[in-house]
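Those sequence lines, one after another, are chains C and D. Residue 349 is where the first sequence ends in our numbering, and the numbering goes up by one at each step. Residue 1349 is where the second sequence ends in our numbering, and the numbering goes up by one at each step.
There are 2 protein chains.
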Amino acid sequence: MLALAGYPLGQRFRFFDTVEDAVAGQLAELRVGAYDDLEALSHFAEGLELVTYEFENVPVAAARFLAERVPVFPPPQALEAAQDRLVEKTFFQGLGIPTPPFYPVSTRADLLQGVERIGFPCVLKTRTLGYDGKGQEVLRGPQDLERAWTSLGGQPLILEGFVEFERELSVLAVRGRSGELAFYPLVENHHHGGILRKSLAPAPGLSPQLQAQAEDYARQVLERLEYVGVLAIELFEAEGRLMANEMAPRVHNSGHWSLEGAETSQFENHLRAVLGLPLGSTQVRGHAAMLNLIGFQPDFARILEVREAHLHWYGKEVRPGRKVGHVNLRADTWEELGARLRALEDAIA
Amino acid sequence: MLALAGYPLGQRFRFFDTVEDAVAGQLAELRVGAYDDLEALSHFAEGLELVTYEFENVPVAAARFLAERVPVFPPPQALEAAQDRLVEKTFFQGLGIPTPPFYPVSTRADLLQGVERIGFPCVLKTRTLGYDGKGQEVLRGPQDLERAWTSLGGQPLILEGFVEFERELSVLAVRGRSGELAFYPLVENHHHGGILRKSLAPAPGLSPQLQAQAEDYARQVLERLEYVGVLAIELFEAEGRLMANEMAPRVHNSGHWSLEGAETSQFENHLRAVLGLPLGSTQVRGHAAMLNLIGFQPDFARILEVREAHLHWYGKEVRPGRKVGHVNLRADTWEELGARLRALEDAIA
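As structure tokens, this is what we get:
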């Protein structure tokens, strides 16, 4: 999606991935290699103007190695801050951004101490490489301790308080090379089984106060990290207040609605930012929704019969639980959007 | 632009062009060959689901040869009707669609007879292969006869009445494989030196009557040709009436505004049509404008500073008089659009 947004900006692309069948290879030259293959990385960087990434688990060492050769945006320190849940939450707290309570866990003793501090329910998570709900165990009471430890013990962990939030939101923010800032309206996200299923933008009932709060948090993160590009922060809303859950230093699934739902998509704005071009308007066009297509190929014709449904199929092999596309919807009013969303859900079901 | 719109619909592409540096080659496999190289065409068609084109001077023979192997949309008879100005105008008249007066010219005697019938001013044009004002000579009086004949004589020509039109418009229409129809609002086009410079959509002051008239003409053309895909008809408006000038059996420069200005772009709708998918909404989003970038590379940053300016750079080598990109603008009101257009024209100047 970044490349599709980048060709009209006059850009050419070269991709690096660890697997041969990466779909980006359909759009431009694909170099395949391991992230620790310095020779491959070095060849990859040759002749490039800059490097960006859309996967937050790119090893920091690889990003730093590339950054010695070409500009890398977002900067490697953003990857570093986002890859480890403990570092990330400590970073949020250092900026005065509320988070759920947390406790680092390396040993079984740490776990017991953490539970004592935080109380049940709580969630034990791996500090690194978790995504889409993987590497997490919910502890509702003492009976869950053993299962959680057996499942996750032996690696760096973090125990987090289980927040009784009202809803999950995310803020998509952009910072240009000159420091210019732009923010998309807060998005309401619906997960199931730890995977994002649906986003609504702007978040229903969004107040200017909540938006201002989110923008203030995002601004602090962007500026502290000297960030360039699109950043997503996932938030919990509870009693009208926001708490940061995690951040992703890249274009984000909860910003995919912007392809048709905003004046400038997150993909175009990410590229404008890293290229040092002026940022585009983040204004939402009425009301937008995004539905992920996960683990199956729907009937495209049935989807496109829904008014203002736009298909984004990724060209990936369909596998259970894999995000293989999404559908964006747009409408002038919430009522219209609701009706179209129901029609779309029927078409997909 | 068709390919960029097609990837999200799950499509893969193979291109055929007569030149090695065709920009489509940046996006997918490019086969290079002559249009009369049947072996090259035959290899090109192997394994394809269907063929479409975005150049109206593809030889009809090549399209027919391919159509024996795979479905070709728009159908070759549309190319045939559009490639020869005499056939085209006769076709319009056969459907009751008004055109400027015309007279076929093969000899000098025909030219004199034509001038007698039509009167001055008139325009002598080649019947085939004309585009962007090439292959045309305006005759304002008898003194121009010799120059025009020297310049164009010796090939099939057509003499046309020079219409004192108020403005040039175009209608973009789509017909799906099932016969489903959709129409974009009439566009007002501004040419200079025979080349399209600017389009405004919808055409300022557009009345429902004029739109209905244009749609009626387009519908007749689409249905008579059993057309599939996007078709553009260029029209003259004079005294509240429309006259057909020419048609293009393809996505059209005067429809480029639809990328950000319509709910569904002409490129996506062309693909939906040829793929047999439901057509998307052609509703315009407020007011849109398109400015062509011709023969020079502007400062991208200056363009993108203009609110809601979207750059579409084609990645072509810049040459004098060559269309190398365009900029789309959008606004909620005409006043806003006018202000942004002035800012954009300043940025480009």
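Each residue gets a CB set at the ideal place from its N, CA and C atoms; glycine is no exception. Since the model is a prediction, treat every value here as computed from it, not as a measurement.
With DSSP as the reference, identify every bridge partner of residue i, one or two as the case may be.
i                  : result
LYS1323 of chain D : D:ILE1294
SER170 of chain C  : C:VAL187, C:GLU234
LEU196 of chain C  : C:HIS191
GLU1137 of chain D : D:LEU1124
HIS43 of chain C   : Beta-bridge pairing links HIS43 of chain C to no other residue.
LEU157 of chain C  : C:VAL105, C:THR126
ARG31 of chain C   : C:PHE16
ARG1175 of chain D : D:LEU1181, D:GLY1229
HIS287 of chain C  : C:ALA331
VAL1072 of chain D : D:VAL1051
Between the beta-carbon of residue i and the beta-carbon of residue j, is there less than 7 Å?
i                  : j                  : result
TRP1257 of chain D : MET1290 of chain D : yes
GLU166 of chain C  : GLU246 of chain C  : no
PRO1074 of chain D : GLY1229 of chain D : yes
ARG1031 of chain D : PHE1016 of chain D : yes
LEU222 of chain C  : ALA173 of chain C  : yes
ARG64 of chain C   : PRO76 of chain C   : yes
VAL1087 of chain D : VAL1072 of chain D : no
CYS1122 of chain D : LEU1145 of chain D : no
LEU181 of chain C  : ALA214 of chain C  : no
GLU160 of chain C  : ASN189 of chain C  : no
LYS1323 of chain D : ILE1348 of chain D : no
LEU1235 of chain D : LEU1242 of chain D : yes
ALA1331 of chain D : LEU1337 of chain D : yes
GLN1093 of chain D : THR1126 of chain D : no
THR1099 of chain D : ALA1244 of chain D : yes
VAL1070 of chain D : LEU1048 of chain D : yes
GLU1345 of chain D : HIS1310 of chain D : no
SER1151 of chain D : GLU1137 of chain D : yes
ASN292 of chain C  : ARG147 of chain C  : no
ALA67 of chain C   : TYR227 of chain C  : no
VAL251 of chain C  : PHE267 of chain C  : yes
According to the neighbour-count rule (16 or more other Cβ atoms, all chains shown, within 10 Å of its Cβ), is residue i buried or exposed?
i                  : result
ALA1301 of chain D : exposed
SER1207 of chain D : exposed
THR1018 of chain D : exposed
HIS1043 of chain D : exposed
PRO1278 of chain D : buried
VAL327 of chain C  : buried
GLY240 of chain C  : exposed
ALA81 of chain C   : buried
HIS1192 of chain D : exposed
GLY1096 of chain D : exposed
GLN83 of chain C   : buried
THR264 of chain C  : buried
THR1107 of chain D : exposed
ALA1034 of chain D : exposed
PHE1102 of chain D : buried
SER254 of chain C  : buried
GLY141 of chain C  : exposed
Identify the continuous alpha helix (DSSP H) that holds residue i and give its terminal residues.
i                  : result
LYS1089 of chain D : 1085–1094
ILE1348 of chain D : 1334–1348
PRO1202 of chain D : Premise fails: PRO1202 of chain D is in no alpha helix (DSSP H) and is neither H nor E.
HIS310 of chain C  : Note, HIS310 of chain C: premise wrong, no alpha helix (DSSP H); beta strand (DSSP E) at 309–313.
ALA953 of chain D  : Here chain D has residues from 1001 to 1349 only, and residue 953 of chain D is not among them.
VAL60 of chain C   : 60–67
LEU259 of chain C  : 258–261
ARG1302 of chain D : 1300–1304
PHE1267 of chain D : 1266–1274
ALA22 of chain C   : It is not in any alpha helix (DSSP H) - ALA22 of chain C carries neither H nor E in the DSSP assignment.
Can you name the residues of chain D whose CB is closer than 7 Å to the CB of residue i?
i                 : result
LEU4 of chain C   : LEU1004, TYR1007
ARG272 of chain C : LEU1304
HIS252 of chain C : Simply none; closest approach about 18 Å.
Give the interface partners of residue i over in chain D, defined as CB-CB distance under 8 Å, in chain order.
i                 : result
ARG12 of chain C  : GLN1026, GLY1315
ARG285 of chain C : ARG1285
HIS312 of chain C : PRO1008
Start and end of the beta strand (DSSP E) containing residue i?
i                  : result
ARG1382 of chain D : Not covered by the structure: residue 1382 of chain D. The range shown for chain D is 1001 to 1349.
PHE55 of chain C   : Run containing PHE55 of chain C: none; DSSP gives neither H nor E here.
Name the chain C residues that come within less than 8 Å of residue i, Cβ to Cβ?
i                  : result
ARG1307 of chain D : SER281
Residues of chain C with a CB under 7 Å from the CB of residue i: which are they?
i                  : result
GLU1263 of chain D : GLU308
HIS1256 of chain D : Per Cβ cutoff of 7 Å: no residues; HIS1256 of chain D is ~11 Å from chain C at best.
Mind pulling the chain E residues with CB within less than 7 Å of residue i?
i                  : result
PRO1278 of chain D : The structure shown contains no chain E; its protein chains are C and D.
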